[in-house]
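The listed protein sequences correspond, in order, to chains L and S.
Okay, so the first sequence: first residue is -4 according to our numbering, each after it adds one.
Okay, so the second sequence: first residue is 17 according to our numbering, each after it adds one.
To keep things clear, I will list the structure first and then write my remarks on it.
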Amino acid sequence: MKEILSAISVMLLPLIVAVILIYAAYKKVPAYDSFIDGAKEGLFVSIKILPYLVAIIVSVSMFRASGGIDLISSHLSIVLHYLKIPVESLPVMITRSLSGSATLGLLSDVINTTGVDSYATKLSSVIVGSSETTFYVLAVYFGAIGVKKIRYALIVGLLADIVGIVAAIIVSRYFF
Amino acid sequence: MNIVFLFLILSSFVIGLITGKLDDVVNAMLYSSKKAVEVSISLIGIMAFWLGIVKIAQKSGLINIFSKIISPILSLIFKDIKKGSPAFSNIALNISANALGLQNAATPFGIKAMKDLHKEAENKDIASDSMCMLLAMNTAGFQIVPATVIALLVSFNSKNPTEIIIPTLIVTSIAFVSAIVLSMLFSRIYKG
């Protein structure tokens, strides 16, 4: 299945680009001029999201540097111990929604301390692989359009992350 | 967002004082903004390229055709998108690129879709139900093969790095569906 999927992945983007260009030629649309128009939009969008990224990345980095995540971990580790969930996976669970690069670093830590084929590594890998960095996605997508009131978007994102973690714990226990 | 922002920064000062890591907090405050600039700069090229390609498809009318095909399915989930909106195509491209692990293409498509939704929104300052739905689908991060994690496991010489694929697929599907269901639920109960 993995081979088929990677074949599709390799083929998909060239296919999309080719279909778009061939159809544009058929419709006699000036492809180059249109491209430049859209590309300008891309430039502005990237600049527009910068303030939102600064707000999210700086505040999350500060919270991490203060030891806030370790503090949450130490309180939750008793609960995890009771549920027979490896405590080593806890920092990964908490950081997953906050910072993508930090999560990958923490996953490497889990691998280094418990071994690459340990249960903690497998559980952490499932958690990292099955989710996205909610705060980052929020900053980029809502930053691009500049909405001020995000309503329930963050709550839903975080609740879905929690559902994902619980599912990861149950599914991993069954598989590994 | 205001509460989250205040909480993260103020609690980092308080916790930093208690744990004696206040200098780390200050360093993070002064230096981590550089990372935000790097992320934003690294997005420029890929964003310009894909939004350029999407613009060609838009001008030729291809986006409209694709939107008509895909809208019957997507309008079940995105209830307040207008009929024939180009948002449908871009949402479909965003989700399929994400599923295949092509984040570099998925983000520009998703942002284009957000902009389409924003154009149609009556109030430009508030996230509409469709915007929240699209965001939830992206924060859930549905992906068929978790390539980055597998690459990391391979680099540590894991015996069987691909054994996480099926469990991860099950978990990411559960999270993805629950993000959709939760968005629908919240759109009913959350007013304002």
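We put the CB at the ideal spot given by N, CA and C, even for glycine.
G32 of chain S lies in the alpha helix (DSSP H); which residues open and close that run? Note, G32 of chain S: alpha helix (DSSP H), N18 to T35.
Would you say A163 of chain L and I122 of chain L are within 8 Å of each other, going by their C-beta atoms? Going by C-beta atoms, A163 of chain L is nearer than 8 Å to I122 of chain L.
Just checking, does the segment 54 to 63 of chain S make contact with the segment 73 to 90 of chain S on the three C-beta pairs under 8 Å criterion? The count of Cβ pairs closer than 8 Å, one atom from the segment 54 to 63 of chain S and one from the segment 73 to 90 of chain S, stays below three, leaving the stretches out of contact.
Backbone secondary structure at I73 of chain L - three-state DSSP: I73 of chain L falls in the helix class under three-state DSSP.
Does DSSP put I44 of chain L in a helix, a strand or coil? Coil, per DSSP.
Grouping DSSP H, G and I as helix and E and B as strand, with all else coil, what is K98 of chain S? Three-state result, K98 of chain S: coil.
What three-state label does DSSP hand K207 of chain S in the structure shown? Residue state, collapsed to three classes: coil.
Taking one C-beta from the segment 105 to 125 of chain L and one from the segment 137 to 148 of chain S each time, how about it: are there three or more such pairs within less than 8 Å? These segments do not touch.
Tell me whether the segment 92 to 110 of chain L and the segment 7 to 24 of chain L touch, counting them as touching only if at least three CB pairs, one residue from each stretch, are closer than 8 Å. No, because fewer than three Cβ pairs between the segment 92 to 110 of chain L and the segment 7 to 24 of chain L fall closer than 8 Å, the two stretches do not touch.
How big is the Cα-Cα spacing for R168 of chain L and L109 of chain S? Taking the Cα positions, R168 of chain L is about 34 Å away from L109 of chain S.
Check whether the segment 151 to 159 of chain S touches the segment 177 to 197 of chain S, taking contact to mean three or more Cβ pairs, one atom from each stretch, closer than 8 Å. They touch, by the three-pair rule.
Measure the C-alpha to C-alpha separation of E127 of chain L and P25 of chain L and round it to an integer number of angstroms. Cα to Cα, E127 of chain L sits roughly 37 Å from P25 of chain L.
At least one CB of chain L closer than 8 Å to the CB of F21 of chain S: is that the case? Yes, its Cβ sits closer than 8 Å to a Cβ of chain L.
If we count the other Cβ atoms within 10 Å of its Cβ and call it buried at 16 or more, is E54 of chain S buried or exposed? E54 of chain S is exposed by the Cβ-count criterion.
Three-state secondary structure (DSSP) of I57 of chain S: Looking at I57 of chain S - three-state DSSP - the assignment turns out to be helix.
Please say whether S103 of chain L and L85 of chain L have beta carbons closer to each other than 8 Å? Contact flag unset, no.
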